[in-house]
Each structure stands twice: as structure tokens, then as C-alpha cells.
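Enquirer: In our numbering, the protein residues as written are 1 to 366. Think of the CB as a built atom: it goes at the ideal place given N, C-alpha and C, for glycine as much as any other residue. Before I ask anything, here is the structure I am working with.
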């Protein structure tokens, strides 16, 4: 086996991110990892790469135990990875981004050799025509290609992909899927974390499903997708109407909260008008308008990369608006600072559990 995980566990405080997990990847195999948010997928990649220490268990690569090694040592042994959010060297060209790894990654080679090998990698991912473009001028698909190229420039025996298709539109997803298929046909071993099932099932030889850090299911893609445990983890338990078209189900009026019907409650407490926002060259929100009234609960749903977290960050000014306005209690807060918005009465519960671990619970609240 190329990669072997045996009884691997990792906890963050009382949260068991990976719980006694064992799995393998053979040479030339593509293993897909799926599971709900918080299942431990990215933690698994970080453990394999040595970015975080495991609590117990063993990780072997090509027969050698690698847990406890530095990230650089694991890279040199043939493990490369991509990240969910591409972070290239923005002040460099596409080619220069790859040359950094070629020339300063521990290899001794001439500039001519490094340049030739970098161009070969760019050709594989379809980015050769953009070799002289500045990295900060690239669109999202091109940045994803560059992220993949940087990992491939290590010439890894095992490639770890963390939601490489996240944020792409359907046509771009198909382009990226084609690149991954070509890599698979060339014999590249890969471990893929992906929420887009068309990519995961279209490329993977085998699927492992995680749920709260535990192995929930394992098997061929067409076996896993019909596994009752997997269906329940993603969609909940079946009821009598599951599988029945909505048009044939009995009409059930949606429950509504009682309202006093006051004029004040009919006026939006929060009004977002034609808001656009993003991260540098990435535009994540496009002309979004939204009203929230007093005592109302509004839920945002969408795929990973749809812009849900970006909308919250824009609302609380953790991310500046590119266009549009946000009005709270009749006052524009688009130019307010985050602490001023908090003082007005808007609180944010951040997904990453950002607490002060060295303080007590009471001190965290004070």
C-alpha cells in the first residue's frame, strides 16, 4: 500500500475530529473522502501532511512511518497537497510561482531544467498560455489550475486535493474534472475531498465516508451513494413521503410564527440592497438583496462556495462591500467598523470556534 492509516485519532479539546480511523490508498488509486461539514475531512489531510500532530495511531507512506515528521520531510518523500483557498505569490507570474518550488524545494537543478519542468506541469493543467501572466490577474478557475500545478511541481507519488472544485460554476467544474481524469489515467495516486459529487464519483475508484471523525462507510461509488447510513447522514431519516414527487404529496401549509401585526414589525430590521463582495479578484456575492424583519429567522442554504459565509462577513464588515448598502434599524452601516456594528446589536457566531483557550469560560465572556 502507498498510504496506510492505522487507528488514527485527533481531538481538539473535547471534540474528536478523527476517531480511530483506519484506511489505505494503493499505488495508482484515487480515493474519495466525503462527509458532512465537520466530519473531519480537512483534519485528515492535515494529519497526513504533518501539519498537526495526531494523538494516537500510525500513518505510513510507502512503508515508512511519517507521523511525527516535518511537513517538508513528508513533501520530499512524495506527498503534495492543494488548499481550499488558493494563495499564490501574487506579485509573481504563473511560471515564477512554480519556479519557487522547483528551485527552492530542496532540489539541485539548473534554471533551464527547472523552467522546462515547470512548463511541462503548466501544460498538464492547461495553464501554459498564461505562464507570463501575474498570479493576481487570474480568474478563479485559473487560480485553481495554478494551485494544482504548484502541488504537481513537487512530482508527488500521492496528491491530496482539498475541495479543488469549490466555488466553480458547472462549466468550470467540468474542465477541472477533465484535468483530474487525465491525471488518474496517467497513474497519479490521489486522495480527494470534495462536496461536488459529480467530481468525487466521476474520478474516484473508491469512496470513504466520514461522520464526526468516524468511518461511516467505504466502498465503490455506486455502493456508497445507496448506503442507508450515508443517506441518513446527509439527508436525515426517511419518512412516508420520501421518493414521492412534490406534486403528488398532500398539501401541507408551512408553519408561521404568530405576529402582533404592528407596523414596526412589517418594516425590515435589516435590509441588504444589491450587495456585491469578494476576496480580491474573487467576487463571491453578486447583487444580493435581502430583508430580515423583527423576530424573524432567515436561513441561508447553498453549496460550499455559494457565498453564505461571505454574506455574513459582508454584513458585519469583516469584509468590505464592493457595491450596495446594508441598512440596520433605518441606518446605513455600510461604512461602519465591525466593533461599531456589534455595538448596534449585530452579533456573529463564527464557525471556527475562535475562543481564548488560555482563559476561563467566564473570562471569555467578559
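Is it the case that the Cβ atoms of residue 10 and residue 55 are separated by a distance below 9 Å?
Expert: Going by beta carbons, residue 10 and residue 55 fall inside the 9 Å limit.
Enquirer: Locate the alpha helix (DSSP H) running through residue 391, then write down its first and last residues.
Expert: It is not possible to answer for residue 391, since the shown part of the chain is limited to 1 through 366.
Enquirer: Do you know offhand how far residue 130's Cα is from residue 94's?
Expert: 7 Å
Enquirer: What does a CB cutoff of less than 6 Å around residue 300 pick up in its chain, not counting 5 residues either side in sequence?
Expert: 308
Enquirer: Would you call the CB atoms of residue 143 and residue 191 closer than 9 Å?
Expert: no
Enquirer: Quick check on the DSSP output: the alpha helix (DSSP H) that includes residue 4 runs from which residue to which?
Expert: Element bounds for residue 4: not the alpha helix (DSSP H) but the beta strand (DSSP E), 3-12.
Enquirer: Have a look at the DSSP bridge pairing and note the partners of residue 268.
Expert: 293
Enquirer: Starting from residue 218 and walking both ways along the alpha helix (DSSP H), at which residues does that stretch end?
Expert: In the DSSP assignment, residue 218 falls outside any alpha helix (DSSP H) and within the unbroken beta strand (DSSP E) covering 214-219.
Enquirer: Could you tell me whether the segment 15-32 touches the segment 198-218, using the rule of 3 or more Cβ pairs below 8 Å?
Expert: yes
Enquirer: Quick check on the DSSP output: what are the complete alpha helix (DSSP H) runs of length 4 or more inside the segment 75-150, in order along the chain?
Expert: 94-104, 111-124
Enquirer: Under 8 Å by Cβ, that's how I've got residue 210 and residue 51 pegged, so tell me the actual separation to the nearest angstrom.
Expert: Actually they do not touch by this definition, with Cβ atoms about 18 Å apart.
Enquirer: Between the C-alpha atoms of residue 113 and residue 100, what's the straight-line distance to the nearest angstrom?
Expert: 13 Å
Enquirer: Pull up the distance between the alpha-carbon of residue 341 and that of residue 326, whole angstroms please.
Expert: Between the alpha carbons of residue 341 and residue 326 lies a distance of about 11 Å.
Enquirer: Mind checking which residues open and close the alpha helix (DSSP H) that includes residue 328?
Expert: Boundaries for residue 328: no alpha helix (DSSP H) harbours it, while the beta strand (DSSP E) harbouring it runs 321-328, taken from the DSSP string.
Enquirer: Is it buried or exposed for residue 267, if we count other Cβ within 10 angstroms and need 16 for buried?
Expert: When all chains shown are included, residue 267 counts as exposed.
Enquirer: From this set, 185, 230, 14, which residue's C-alpha is nearest residue 207's C-alpha?
Expert: 230
Enquirer: Identify whether residue 233 lies in helix, strand or coil by the three-state DSSP scheme.
Expert: Residue 233 falls in the helix class under three-state DSSP.
Enquirer: Any contact of the segment 216-225 with the segment 62-72, i.e. 3+ C-beta pairs under 8 Å?
Expert: no
Enquirer: List the whole-angstrom C-beta distance separating residue 125 from residue 164, where the pair is believed to meet the contact cut-off of C-beta under 8 Å.
Expert: About 11 Å separates the two Cβ atoms, so there is no contact after all.
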